[in-house]
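> This structure is in structure tokens; I'll ask about it shortly.
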Amino acid sequence: MAKADMLGASLWDAYSNKVTTLMNNPQHQGEIFEAEAEARGNKLIVADFGAESCGDAVRLYWEIDPSNDKIVNSKFKSFGCGTAIASSDVMTELCIGKTVDEAVKITNIDVEMALRDTPDVPAVPPQKMHCSVMAYDVIKKAAGLYKGVDASTFETEIIVCECARVSLGTLQEVIKLNDLKTVEQITDYTKAGGFCKSCIKPGGHEAREWYLVDILANTHKEMDEEKMKAAADAGAAGNFEAMTLVQQIKAVDAVVDENVRQFLIMDGGNMEVIDIKKGDDYIDIYIRYLGACNGCASSSTGTLYAIEATLKEKLSSKIRVLPI
Amino acid sequence: MQVYLDNNATTMVDPQVVEVMQPFFSEIYGNPNSLHKFGTASHPALKNAINQVYNAINASDEDDIVFTSCATESNNWVLKSVWIDKILHGDKNHIVTTEVEHPSVLSTCRFLEEQGVKVTYLPVNEEGIVEAHTVKSFITEKTALVSIMWASNETGMIFPIKEIGEICKEKGVLFHSDGVQAVGKIPVNLQEVHVDFMSMSAHKFHGPKGVGALYIKNSQPLTPLLNGGEHMGGRRSGTLNVPYIVGMGKAIELATINIEEKMSSIRAKRDRLEDALLELSDTFVVGEREHRTPNTILISIRGVEGEGMLWDLNNGQIGASTGSACASEDLEANTVMLAIGADNELAHTGIRLSLSRFTTDAEVDYTISHFKGAVARLRNISSSFAKQKPTKGGEVQECELHHHH
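First to last, the sequence lines map onto chains A and B. Note that the working numbering has the first sequence beginning at 1, numbered continuously upward. Note that the working numbering has the second sequence beginning at 1001, numbered continuously upward.
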């Protein structure tokens, strides 16, 4: 929120001239009938996507030349707002002349780009971006019908944010690489969640399979697990500096048990590890003497040096031992 | 020609109202709480405005009518202060309201739920109103407040406020009604109907924006929402908005004088418009006419998405409204439409037309003609009316992937 958000956006003023023109006068709206397509020796494919009860629905018609799989003519019918009509219109335009294989590569981003007046100014405001997503979905469906396969076979990756076409893989990678902590950061880095906002969390415009909040939490969980695994490997490899605190305490205790404790016990004393603090230059190990060691003159001189020297030798040269 | 048919959202300020407000900007500008003559100069006009509002809703001299900045403030005040008085400092913990209230009630109720208050959101019947017996069955010993709108902004349906008032009185539960869509549109007589609190807004009856009021029966206690100087008898602090209060008084007077006559004039135009639009196939209007405010039509047009229709109406210089999914900025479906429980389609094909006493017959004629043209154009594009059936396997019956609700 800031000054620019103080007045609600005037949605329609943010449309490109192309959007407005096509809304008012779509070029490819209409139907192709099976009989006419057959008369021309072509195959007709008609695919629906969405429904009135969803708030938007589109029917796409493809007349395909079976000899070369080329879409020779395309029309649409749309139940939807002006943006949906304009998007459908541009979608059919983009389909005409392409083969079915070429057409399935058309995305909603292509549709939105084609609706722009100038390349760097969006054709519609963010909350209207989702209207072009149906164009993408219905093409997949039409192609599936023509090829006799399921539309999902054209999906090579899981798309989390349909408006900005950001995949699950991309999101996980960006979160990990940049150690992103919030959804706002994800939007800044990838644009995901910046448009219709459905993919941010449940309860938005439409239900989604994947939500950014969950992806963020799960990726962080994975990152923590990876960190742990790395630490466990480090522990196994004896790399003291890369170990977790618990591993370090265990390692210190093991060294103390092996090399120090027996001598302390012989003198009626003992020691315990209280804490380990990692600094840039030193690793400070705080210990407490028990029994006879407590107050023994050597505990702050000879014995201490011996303990520190042993730990340094066995674990890390950065170690300092501090009795409390 | 341009036609404004969104009078349930806001109205044109009556030029007579602007005229009475005019002196209170640069001529009579003193603070009415000051002792000097600059301050007291506004008192006659303020007293007149107070009388105008009391008379318009037939409030008694024992009642308070406190001017606020808007009905949103009035609604917030009642809900939050009843919470403070009866729940935080009392033994109640429950509020009853409806699913179809204005956001200033619903959103405040959700806020109160976060504070631990139990809130019951009553469903509406297929006409879009809450029945009195439903209200009765949900009142418990713990209920602090019942808050139910007098008339719906979306459908114009008038709620059984008299019966609900009697129930609340009998049960000893406070009753608040958001009267924003009723005052100035239908007779509101607070000697005949029992409400403890009622919210009003001037800009819904040809007064200025930025001024509203809260009626408080018998001057009963209600912790102030705004603390500050002792304005309005200490009930609502903030320097009196003199020109706007004067304007509200004039506006409510103009709206309620001979209200039956005004209603029948608006109703005649509304009914003519409605009859003409219903000549279109596959259309229906929500709620019986007799049970609606006389200015409102909520019509569903099969196969025509609401925002698309608004766009075409706007191209014809007609301002209307829809609460359907695509239109609102936050992309939410129309909660009122969904609450009515009709087909999901309705939530996306509803258009609300709300007239005013300034709507002319010529404007109605123009609207009928342009509206029918827009429906024809959009149905020609609409997939709902396509003839060629989808390829086998290519059909969609119900909402599959897009779950808007």
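Using N, Cα and C, we set each Cβ at its ideal position, and we do this for glycine too.
1. Do we get a CB-CB distance below 8 Å when we pair B/L1005 with the residues of chain A?
2. By Cβ distance below 8 Å, which residues in the same chain neighbour B/M1012 in space, the five residues on each side in sequence not counted?
3. Using a cut-off of 8 Å between C-beta atoms, extract the partners of B/P1390 located in chain A.
4. Does the Cβ of A/Q29 have 16 or more other Cβ atoms within 10 Å, making it buried, or fewer, making it exposed?
5. Can you find a CB in chain A that lies within less than 8 Å of the CB of B/N1055?
6. Does DSSP put A/R288 in a helix, in a strand, or in coil?
7. Tell me the rounded alpha-carbon separation between B/I1299 and B/L1280.
8. Who pairs with B/R1292 in a beta bridge, going by DSSP?
9. State the start and end residues of the unbroken alpha helix (DSSP H) segment that holds B/F1138.
10. Could you check whether the Cβ of B/E1305 sits closer than 8 Å to any Cβ belonging to chain A?
11. Would you mind telling me which residues of chain A sit closer than 8 Å to B/V1396, beta carbon to beta carbon, in chain order?
12. Here's the rule: buried if 16 or more other CB atoms are within 10 angstroms of the residue's CB, otherwise exposed. What is A/E258?
13. From what residue to what residue does the alpha helix (DSSP H) around A/K43 run?
14. Which residues in chain A sit within 8 Å of B/A1386, going by Cβ to Cβ distance?
15. Please go through the same chain and pick out, in chain order, the residues whose beta-carbon is closer than 7 Å to the beta-carbon of A/P126, but skip the five residues on each side of it.
16. Could you check whether the Cβ of B/W1150 sits closer than 8 Å to any Cβ belonging to chain A?
17. List, in chain order, every chain B residue whose beta-carbon is nearer than 7 Å to that of A/G193.
18. Any idea what DSSP makes of B/G1233, helix, strand or coil?
19. Between the beta-carbon of B/V1053 and the beta-carbon of B/V1096, is there less than 8 Å?
20. What does A/L322 pair with, by DSSP beta-bridge criteria?
21. Residues in its own chain within less than 6 Å of A/V90 by CB, not counting five upstream and five downstream?
22. Would you kindly report the start and end of the unbroken beta strand (DSSP E) that includes A/C293?
23. Verify the CB distance criterion: does B/G1308 have a CB-CB separation below 8 Å to chain A?
24. Report buried or exposed for B/N1218, applying the criterion of at least 16 other Cβ atoms within 10 angstroms of its Cβ.
25. Below 8 Å, can you find three or more Cβ-Cβ pairs linking the stretch 1243–1256 of chain B to the stretch 1283–1300 of chain B?
26. Quick one: Cα of A/T170 to Cα of A/V183, how far?
27. Figure out for me which residue from B/G1229, B/S1199, B/V1364, B/H1348 has the closest Cα to the Cα of B/A1268.
28. Below 8 Å on the Cβ atoms is my contact criterion, and I expect B/V1105 with B/L1079 to pass it. Report the Cβ-Cβ distance as a whole number of Å.
29. Excluding the 5 residues flanking B/T1391 on each side, which residues of the same chain have their C-beta closer than 6 Å to its C-beta?
30. Taking the Cβ atom as the reference point for each residue, do B/L1214 and B/A1059 lie within a distance shorter than 8 Å?
31. For B/G1457, would you say it is in contact with chain A, using Cβ-to-Cβ distances shorter than 8 Å as the test?
32. Decide if B/A1128 is buried, meaning its Cβ has at least 16 other Cβ atoms within 10 Å, or exposed.
33. With H, G and I counted as helix, E and B as strand and the rest as coil, what does DSSP make of A/W12?
34. To be precise: take each residue of the stretch 16–31 of chain A, compare its Cβ to all Cβ atoms of chain B, and keep it if any distance is under 8 Å. Which residues remain?
35. Which value, in whole angstroms, describes the spacing of the CA atoms of B/E1329 and A/K197?
To lay it out plainly:
1. At a cut-off of 8 Å, the C-beta of B/L1005 has no neighbouring C-beta in chain A.
2. Y1004, H1206, S1356, F1358
3. Near B/P1390 (Cβ distances below 8 Å), the residues of chain A are V46, A47, D48, R59.
4. buried
5. no
6. Secondary structure at A/R288: strand, using DSSP grouped into helix, strand and coil.
7. 11 Å
8. B/M1157
9. For B/F1138, the uninterrupted alpha helix (DSSP H) run begins and ends at 1132–1138, by DSSP.
10. Yes, B/E1305 counts as interfacial toward chain A.
11. D48, F49, G50, A51, A57
12. exposed
13. It is not in any alpha helix (DSSP H) - A/K43 instead sits in the beta strand (DSSP E) that spans 43–51.
14. E31, R59, K77
15. G194, F195
16. no
17. Here the premise fails: no neighbours, minimum Cβ distance about 14 Å.
18. helix
19. no
20. A/Y286, per the DSSP bridge assignment.
21. V111, A114, L115
22. Element bounds for A/C293: n/a, residue is neither H nor E.
23. yes
24. exposed
25. no
26. 14 Å
27. B/V1364
28. 7 Å between Cβ atoms; contact.
29. none
30. no
31. Coverage of chain B is limited to positions 1001 through 1405, which leaves residue 1457 of chain B absent and any answer about it impossible.
32. Here residue 1128 of chain B turns out to be Gly, not Ala, going by the sequence shown. Buried is the call here.
33. helix
34. M23, N24, P26, Q29, E31
35. Note that B/E1329 scores 44 on pLDDT, short of 50, meaning its location in the model is unreliable; the coordinates nonetheless yield the value given after this. Rounded to whole angstroms, the gap between the alpha carbons of B/E1329 and A/K197 is 12 Å.
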